[in-house]
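Participant: Got a structure for you, written out below as structure tokens; questions coming shortly.
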Amino acid sequence: MADTIRARLAKKNYLSDEICNFTFEAIDGAFESFEAGCHVDVFLGPDLVRNYSVWEWQDDGTSFSVAVKREDNGRGGSLAMHQLEQGVEIEIGGPRNNFALQSSDEPIVLIGGGIGVTPIYSMACELKKAGRDFSVYYLVRSHEHAAFDALFNQLELGDNYHLHCDEVDGFLDFDAFVLAQAEDCHYYICGPEPLLNRLQTVSAEHKRGTVYFERFAAPATEGDVENTPFTVVINSSGENIEIPSDQTILAVLKDKGFDIHYGCSSGLCGSCITDVLDGEIDHRDNVLDDEEKAEGDCMCICVSRAKSDVLVLDI
0 MADTIRARLA KKNYLSDEIC NFTFEAIDGA FESFEAGCHV DVFLGPDLVR
50 NYSVWEWQDD GTSFSVAVKR EDNGRGGSLA MHQLEQGVEI EIGGPRNNFA
100 LQSSDEPIVL IGGGIGVTPI YSMACELKKA GRDFSVYYLV RSHEHAAFDA
150 LFNQLELGDN YHLHCDEVDG FLDFDAFVLA QAEDCHYYIC GPEPLLNRLQ
200 TVSAEHKRGT VYFERFAAPA TEGDVENTPF TVVINSSGEN IEIPSDQTIL
250 AVLKDKGFDI HYGCSSGLCG SCITDVLDGE IDHRDNVLDD EEKAEGDCMC
300 ICVSRAKSDV LVLDI
């Protein structure tokens with residue numbers, strides 16, 4: 000386990016029937032570089048690491064809060080989080096940020112769908128503090144699911160804050176929504192995959208706005224992706240390690256005892272980004288942007304593979 004700080008669960012309180020807030024305090028040292036849109040890795044057990052967006056923190060890095068929705072049919076992370084008892088000590092990695100606000104003068108529209116509101120709330124706080132003009136759209140099924148509504152109201156955003164409840168307001172008409180916004184606006188959106196896909200599609204169709212996003216899950220791919228075996232060379236030792244077609248680099252290195260920092264294992268969080276010294280990468284993540292992928296000097300080893308026969312990793 001690398002680059003973690005031990006923290007204590009100082010506070011646990013429910014924001015709704017499904018969503019629980021967890022406030023962690025650093026036991027030794029402090030966390031660095033909290034900023035709007037960032038996330039942390041929570042080490043819940045052997046091979047159970049989950050990433051959660053930070054929605055509130057102390058400027059000195061001594062504590063932070065994440066809100067987690069209980070998913071009874073999920074992969075187990077949310078249930079493990081909800082079972083944590085106040086006072087428990089746990090390892091935390093990060094923070095890291097793949098969803099940072101960009102420095103620009105364009106109009107800003109923040110969109111949070113369900114529990115995807117957590118990074119959106121932190122962005123609203125940062126933008127208000129900076130005196131920027133922006134608007135917020137909080138999309139939920141019903142008012143009882145709007146766990147952050149009271150917190151947004153405390154920001155006193157006035158007409159720039161919009162709570163949209165499907166149960167009352169119907170499903171959001173994204174065509175009308177996009178056409179009502181400034182043509183050059185920047186959208187920041189986090190939420191379920193269909194919500195993200197719809198905004199991206201409509202924005203592209205109308206050629207209006209730029210969409211920045213964070214995903215909950217890796218996007219579905221059409222058909223099976225063919226995997227071929229390749230060799231990884233560990234630069235520090237010169238060791239050659241074969242990566243079979245049915246295993247990832249991360250899985251093989253973990254089995255061989257390498258101390259690799261990882262989180263989602265789905266190419267979403269960037270925890271396992273590793274420098275590549277030689278070889279051609281088959282990028283399959285949703286973290287690195289097009290420019291970073293084109294440079295070819297780093298990769299997410301949890302999902303990405305090799306196009307060349309050999310990859311030399313800076314490990």
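Numbering (numbering that gives the first Met the number 0), first residue to last: 0 to 314.
Yeah, the Cβ is synthetic: ideal placement off N, Cα and C, and Gly gets one too.
Treat the numbers as computed from the prediction; the structure is a model and nothing was measured.
1) Rounded to whole angstroms, what is the Cα-Cα separation between residue 395 and residue 145?
2) Taking the straight line between their C-alpha atoms, what separation do you get for residue 187 and residue 36?
3) Can you tell me the Cα-Cα spacing of residue 262 and residue 229, whole angstroms?
4) Could you tell me the alpha carbon to alpha carbon distance between residue 221 and residue 267, rounded to whole angstroms?
5) Take residue 112 as the anchor and find which of 97, 130, 132, 68 has the nearest alpha-carbon.
6) What ranges does the beta strand (DSSP E) occupy inside the region 225-261, keeping only unbroken runs of at least 3 residues that lie completely in it?
7) Short of 7 Å in beta carbon distance, which residues of its chain neighbour residue 105, apart from the five on each side in sequence? Order them along the chain.
8) Looking at the structure shown, is residue 0 part of a helix, part of a strand, or coil, going by DSSP?
9) Pick from 27, 142, 109, 141: whose alpha carbon is nearest that of residue 131?
10) Just tell me which of 227, 127, 214, 208 has its CA closest to the CA of residue 196.
11) With burial defined as no fewer than 16 other Cβ atoms inside 10 Å of the residue's Cβ, what is the status of residue 107: buried or exposed?
12) Could you check whether residue 20 and residue 66 sit closer than 8 Å to each other, using their CB atoms as the reference points?
13) In angstroms with no decimal places, state the Cα-to-Cα distance between residue 190 and residue 236.
14) Could you spell out the range, first to last residue, of the beta strand (DSSP E) harbouring residue 49?
15) Can residue 64 and residue 25 be called in contact, C-beta distance under 8 Å?
16) Along the chain, where does the alpha helix (DSSP H) that runs through residue 205 open and close?
17) For residue 34 and residue 129, what's the separation of their Cα atoms in angstroms?
18) Under 6 Å Cβ to Cβ from residue 181, same chain only, skipping five residues before and after it: list those, please.
19) Among 308, 286, 302, 277, which has the Cα closest to the Cα of residue 295?
20) Using the Cα positions of residue 312 and residue 80, report the straight-line distance between them to the nearest angstrom.
21) So the alpha helix (DSSP H) residue 167 belongs to, where does it begin and stop?
22) Starting from residue 94, trace the beta strand (DSSP E) in both directions and tell me its first and last residue.
23) CA-CA distance, residue 12 and residue 286?
24) Cutting at 8 Å between CB atoms, please list the residues of its own chain near residue 289, excluding the five before and the five after it.
25) For residue 45, count the other beta carbons within 10 Å of its own beta carbon; 16 or more makes it buried, fewer makes it exposed. Which is it?
26) For residue 267, does the three-state DSSP call read helix, strand or coil?
27) Among the residues of its own chain, which have a CB less than 8 Å from the CB of residue 240, if the five just before and after it don't count?
28) Given a threshold of 16 other Cβ atoms within 10 Å of its Cβ, counted over all protein chains shown, does residue 0 qualify as buried or as exposed?
29) Using DSSP with H/G/I as helix, E/B as strand and the rest coil, what is residue 150?
30) Straight-line CA distance for residue 226 to residue 273?
31) On the DSSP bridge assignment, give the partners of residue 277 in chain order.
32) So that I know if they touch, is there some Cβ in chain C lying closer than 8 Å to that of residue 98?
Facilitator: For this structure:
1) Outside the modelled stretch of the chain, which goes from 0 to 314, sits residue 395, for which no answer is possible.
2) Looking at the two C-alpha atoms, the distance is approximately 10 Å.
3) For residue 262 and residue 229, the distance between alpha carbons rounds to 24 Å.
4) With a pLDDT of 48 at residue 221, under the threshold of 50, the modelled position of that residue is not reliable, and no figure is offered here.
5) For residue 112, the nearest C-alpha among the options comes from 68.
6) Taken in chain order, the complete beta strand (DSSP E) segments of 3 or more residues contained in the region 225-261 are 229-233, 239-242.
7) Closer than 7 Å at the Cβ level, and outside the excluded window around residue 105, lie 183, 184, 185.
8) At residue 0 the pLDDT is 42, less than 50, meaning the model places this residue with poor confidence; the figure from the coordinates comes in the next sentence. The three-state reading of DSSP puts residue 0 in coil, since its state is none of H, G, I, E or B.
9) Among 27, 142, 109, 141, the Cα nearest to that of residue 131 belongs to 109.
10) Per the C-alpha coordinates, the member of 227, 127, 214, 208 positioned closest to residue 196 is 214.
11) By the 10 Å Cβ count, residue 107 comes out buried.
12) Cβ distance < 8 Å, so residue 66 and residue 20 count as in contact.
13) Rounded to the nearest angstrom, the two C-alpha atoms are 42 Å apart.
14) Residue 49 -> beta strand (DSSP E) spans 47-56.
15) Cβ distance not < 8 Å, so residue 64 and residue 25 don't count as in contact.
16) Run containing residue 205: 192-205, per the alpha helix (DSSP H) assignment.
17) Computed Cα separation, rounded: 13 Å.
18) Cβ neighbours of residue 181 beyond the five flanking positions: 106.
19) Distances from the CA of residue 295 to each of 308, 286, 302, 277 were compared; the closest alpha carbon is that of 277.
20) Going from the Cα of residue 312 to the Cα of residue 80 covers about 33 Å.
21) Unbroken alpha helix (DSSP H) run through residue 167: 165-168.
22) Unbroken beta strand (DSSP E) run through residue 94: 88-95.
23) Roughly 31 Å separates the two Cα atoms.
24) Around residue 289: no qualifying Cβ.
25) Exposed, by the Cβ-count rule.
26) Under the three-state reduction of DSSP, residue 267 is assigned to coil, being neither helix nor strand.
27) Answer for residue 240: 230, 231, 232, 233, 251, 252, 255, listed in chain order.
28) Below a pLDDT of 50, predicted positions are generally treated as unreliable, and residue 0, at 42, falls in that range; the measurement from the model is reported next regardless. Exposed.
29) Three-state result, residue 150: helix.
30) One C-alpha to the other measures close to 20 Å.
31) According to DSSP, which records beta bridges pairwise, residue 277 is partnered with 311.
32) Here chain C cannot be found, since the structure has a single protein chain.
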